[in-house]
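Here the protein sequences line up with chains A and B, keeping their order.
Residue numbering for the first sequence follows my numbering, beginning at 5 and increasing consecutively.
Residue numbering for the second sequence follows my numbering, beginning at 553 and increasing consecutively.
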Amino acid sequence: MAVTNRINKTTALSALTLSATAISSGAQAMAVPEKKQVSVRVTNYQEQPLPETRLAGGSTERYGINVLQFSYFTPVAGQYSVMTTAQYEKLSGASPYGSAENADGQTEVLMSGATIDEQRLDASVTGTRYFKSGTLASGLAVSTENDYQSVALSLDGSLEIFDKHTTLMASVSTSFDTLSPTGPKIGTRAEADGETKRSVSWYEGVTQVIDKYSTVQVGVGYTRLWGYLSDPYKGDSRPDSREQYTVSAQYRRFLSDFDSALHLDYRLYQDDWGVISNTLSGSTWTDVNVFGQRIMLSPNVRYYWQHAADFYTVKATTDEHFSSDYRLSAYGAINFGLDAQWHHKDYVYTIGVNQYLSAESWGLTGGQDTETPSLVNFTTISFGVDYKFK
Amino acid sequence: MMKLIAVVMAIATLSACTTVKPWERGYLAKDTMQGAPIAQKSALDRHVYFAKEGSSGGGQAAGGGCGCN
Chain A
5 MAVTNRINKT TALSALTLSA TAISSGAQAM AVPEKKQVSV RVTNYQEQPL
55 PETRLAGGST ERYGINVLQF SYFTPVAGQY SVMTTAQYEK LSGASPYGSA
105 ENADGQTEVL MSGATIDEQR LDASVTGTRY FKSGTLASGL AVSTENDYQS
155 VALSLDGSLE IFDKHTTLMA SVSTSFDTLS PTGPKIGTRA EADGETKRSV
205 SWYEGVTQVI DKYSTVQVGV GYTRLWGYLS DPYKGDSRPD SREQYTVSAQ
255 YRRFLSDFDS ALHLDYRLYQ DDWGVISNTL SGSTWTDVNV FGQRIMLSPN
305 VRYYWQHAAD FYTVKATTDE HFSSDYRLSA YGAINFGLDA QWHHKDYVYT
355 IGVNQYLSAE SWGLTGGQDT ETPSLVNFTT ISFGVDYKFK
Chain B
553 MMKLIAVVMA IATLSACTTV KPWERGYLAK DTMQGAPIAQ KSALDRHVYF
603 AKEGSSGGGQ AAGGGCGCN
């Protein structure tokens with residue numbers, strides 16, 4: 005297995021051509037990619053069953069989801085491009101209604117029956133205009149389920165400065181969602197029927213070329229949500245607005261001795277519900293030559309932990325706001341996975357596996373004594389094909 | 553939080569970096585050096601974390617919602 009070093013074969017001319025895409029470690033690129041590309045990816049997502057000893061009712065079988073993704077990219081008239089995506093999800097299994105402490109002080113979970121069988125379809129189209137030193141893109145995305153509709157608009161821009169050593173990025177988006185819960189129209193399901201949720205979000209970032217091997221991107225984000233933010237299937241009561249702040253950093257370094265790219269990402273999150281989270285992730289992307297074929301291997305690991313929302317509780321309460329949704333509890337999670345890509349002529353075949361594990365005691369800070377048996381563990385297996393038109 | 557954001561942005565705008573000529577950018581131009589070398593994987597990962605965790609965002613403006621969260 006010989007490590008390849010294709011870069012030595014890269015001519016100065018091609019490096020000049022490619023350099024425009026190197027500035028941003030985000031999605032933007034200043035030069036219009038020349039080839040049309042179609043990509044298809046299928047993923048099986050499977051959650052582990054809930055422990056039977058903590059089941060208060062319903063099914064222990066949790067969600068299994070099959071996902072089909074499609075995307076099509078095409079350059080237009082030399083200065084524009086259009087990206088179209090679609091994603092179809094077919095979901096079955098049971099979901100936690102809520103958690104509560106029993107007489108022994110143990111937390112038990114009330115699950116739905118294993119009869120939930122739903123589908124979701126989302127689609128988006130993004131048009132991008134490429135300028136000499138920047139890009140401007142606008143997008144429309146829709147998501148539809150039998151009990152939830154969402155429409156989102158976005159605007160993204162990037163600008164290269166300082167002789168292409170620095171790229172400024174900014175994006176704004178807004179979404180309009182409508183709830184229509186299914187099942188018996190009682191309690192919060194009746195209350196939520198026809199309710200709406202809105203959001204506005206912005207992100208600003210800077211990507212800096214550090215040297216010929218590395219870049220760093222840092223950015224700040226702000227999102228405000230308002231409207232009906234409770235979960236009608238969990239019978240909880242949440243505030244009707246939420247403000248979220250993020251600070252994030254992405255470091256990229258090419259390890260030329262190994263023909264490998266190192267990715268290190270960090271995100272700090274805080275909101276006015278009391279949730280604070282830290283996310284650390286790392287991966288390597290290494291080209292290897294196996295019997296003359298180019299194979300790219302990418303192991304990855306991600307560590308996440310969060311503090312609980314101020315109103316998270318598994319005890320009976322008369323407070324205005326309360327929720328026993330495990331996603332608002334304090335916990336930590338680790339994800340590790342491996343992706344492999346085979347580059348063969350105009351095709352790229354991808355296979356990936358990931359394992360996500362979580363536990364209430366895995367957070368570095370913000371831990372609490374409450375048990376959270378509804379925390380989720382899941383496995384994903386994916387297979388994808390990309391084709392670049394000649 | 554706002555102070556931290558200000559500090560991060562200030563550090564980010566410092567240009568204590570090496571000048572890299574266009575013909576020296578071959579490594580930086582590689583697919584594997586971009587933000588999301590497998591775009592569909594990254595998009596689905598974001599969606600799953602959005603649905604299964606109590607926080608989201610970072611790296612771009614938030615997109616639309618779904619009934620999963």
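We treat Cβ as the ideally placed atom computed from N, Cα and C, and that holds for glycine.
Remember, predicted model here, so these are calculated numbers, not experimental data.
Alpha carbon to alpha carbon, what distance is there between residue j and residue i?
i	j	result
A/ASP350	A/ASP373	54 Å
A/PHE356	B/PHE602	A small correction: the amino acid at residue 356 of chain A is Gly; Phe does not occupy that position in the sequence shown. In a straight line, the C-alpha of A/GLY356 is about 20 Å away from that of B/PHE602.
A/ARG246	A/PHE135	36 Å
A/PRO236	A/GLN221	38 Å
A/PRO188	A/GLY117	14 Å
A/ILE338	A/ALA265	22 Å
A/ASP121	B/THR571	56 Å
B/GLN592	B/TRP575	30 Å
A/VAL305	A/THR322	41 Å
A/ILE11	A/THR288	Reliability of the predicted coordinates at A/ILE11 is poor, the pLDDT of 34 falling under 50, and the value obtained from them is presented with this limitation in mind. Their Cα atoms are separated by approximately 17 Å.
B/ASN621	A/ASP108	31 Å
A/GLU324	A/GLY62	27 Å
A/LEU268	B/ARG577	20 Å
A/TYR3	A/SER43	This structure cannot speak to residue 3 of chain A, because chain A is shown only from 5 to 394.
A/PHE166	A/VAL155	37 Å
A/ASN48	B/CYS569	43 Å
From the options, pick the residue whose C-alpha is nearest to that of residue i; which is it?
i	options	result
A/THR369	A/HIS311, A/ARG306, A/ASP291 and A/THR321	A/HIS311
A/THR383	A/LEU361, A/HIS169, A/PHE393 and A/LYS392	A/LEU361
A/VAL389	A/VAL352, A/GLU364, A/SER365 and A/ASN358	A/VAL352
A/ASP240	A/ALA313, A/GLY367 and A/TYR249	A/ALA313
A/ASN381	A/PHE326, A/ALA253, A/ARG331 and A/HIS347	A/ARG331
A/GLU195	A/TYR232, A/TRP309 and A/HIS348	A/TYR232
B/SER525	A/ASP108, A/ASP244 and A/ASP275	With chain B represented from 553 up to 621, any question about residue 525 of chain B goes unanswered, as that position is not in the structure.
A/GLN41	A/SER142, A/LEU284, A/THR78 and A/MET115	A/THR78
A/VAL294	A/SER85, A/SER281 and A/TRP346	A/TRP346
B/ASP583	A/ARG66, A/PHE258 and A/GLU149	A/PHE258
A/SER175	A/TYR152, A/ILE165, A/ALA141 and A/SER154	A/ALA141
A/THR250	A/ASP291, A/GLY286, A/TYR207 and A/LEU229	A/TYR207
A/GLY138	A/LEU163, A/ALA156, A/TYR152 and A/THR132	A/LEU163
A/THR88	A/ASP160, A/VAL155, A/SER128 and A/SER205	A/SER128
B/VAL600	B/LEU580, B/GLN586 and B/CYS618	B/CYS618
A/ARG242	A/TRP366, A/TYR316 and A/ALA81	A/TYR316
A/GLY131	A/ASP160, A/SER234, A/ASN150 and A/TYR335	A/ASP160
A/GLU364	A/THR64, A/PHE180 and A/THR111	A/THR111
Answer with yes or no whether the minimum CB distance from residue i to chain C is below 8 Å.
i	result
A/SER103	Within the model displayed, chain C is absent; protein chains A and B are what it includes.
Indicate whether at least one CB of chain A lies closer than 8 Å to the CB of residue i.
i	result
B/GLU605	yes
B/ARG577	yes
Starting from the C-beta of residue i, find all residues in its chain whose C-beta is less than 7 Å away, skip the five residues before and the five after it, and write them out in chain order.
i	result
A/VAL401	It is not possible to answer for residue 401 of chain A, since the shown part of chain A is limited to 5 through 394.
A/ARG193	PRO185, GLY187 and PRO236
A/SER96	GLY68, ILE120 and ASP121
Using beta carbons (cut-off 8 Å, strictly below), is residue i in contact with chain B?
i	result
A/SER29	With a pLDDT of 38 at A/SER29, under the threshold of 50, the predicted position of this residue should be treated as unreliable, though the coordinate-derived value follows. Chain B contact via Cβ: present.
A/PHE326	no
A/SER75	yes
A/TYR232	no
A/THR219	yes
A/ASP373	no
A/SER260	yes
A/VAL129	no
A/GLY370	no
A/MET300	yes
A/TYR273	yes
A/GLN212	yes
A/SER1	The requested residue 1 of chain A does not occur in the structure, where chain A is confined to residues 5 to 394.
A/SER158	yes
A/LEU59	no
A/ILE310	Going by the sequence as given, residue 310 of chain A is Gln instead of Ile. Taking Cβ atoms only, chain B reaches closer than 8 Å to A/GLN310, which makes this a yes.
A/ARG45	yes
A/THR227	yes
Short of 8 Å in beta carbon distance, which residues of its chain neighbour residue i, apart from the five on each side in sequence? Order them along the chain.
i	result
A/LYS319	ALA104 and GLU105
A/LYS394	LYS39 and ASP350
By Cβ distance, which residues of its chain are closer than 6 Å to residue i, with the 5 residues on each side in sequence left out?
i	result
A/GLN83	TYR134
A/VAL46	LEU72 and PHE387
B/ALA588	SER594
A/TYR308	THR283 and ALA337
A/GLN91	GLN73 and ASP126
A/GLY225	TYR207 and THR250
A/SER281	TYR273 and GLN310
A/SER205	SER177 and THR227
A/ALA145	SER128 and ALA156
Closer than 7 Å, Cβ to Cβ, to anything on chain B: give me those residues from the region 140–155 of chain A, in chain order.
-> Along the region 140–155 of chain A, the positions whose C-beta sits under 7 Å from a C-beta of chain B are ALA145, SER147, GLU149, ASP151, TYR152, SER154 and VAL155, read in chain order.
Could you name the residues of the region 238–258 of chain A whose beta carbon sits closer than 7 Å to any beta carbon of chain B, in the order they occur along the chain?
-> Of all residues in the region 238–258 of chain A, GLN248, TYR249, THR250, VAL251, SER252, GLN254, ARG256 and PHE258 have a Cβ within less than 7 Å of some Cβ in chain B.
Given a limit of 7 Å on CB to CB distance, which residues of the region 353–365 of chain A reach chain B?
-> Under the 7 Å Cβ criterion, the region 353–365 of chain A contributes THR354 and GLY356.
Proximal residues, the region 194–207 of chain A versus chain B, C-beta separation under 8 Å | Listed in sequence order: LYS201, SER203, SER205, TRP206 and TYR207.
Of the residues that make up the region 81–99 of chain A, which ones have a beta carbon closer than 7 Å to any beta carbon in chain B?
-> Under the 7 Å Cβ criterion, the region 81–99 of chain A contributes no residue.
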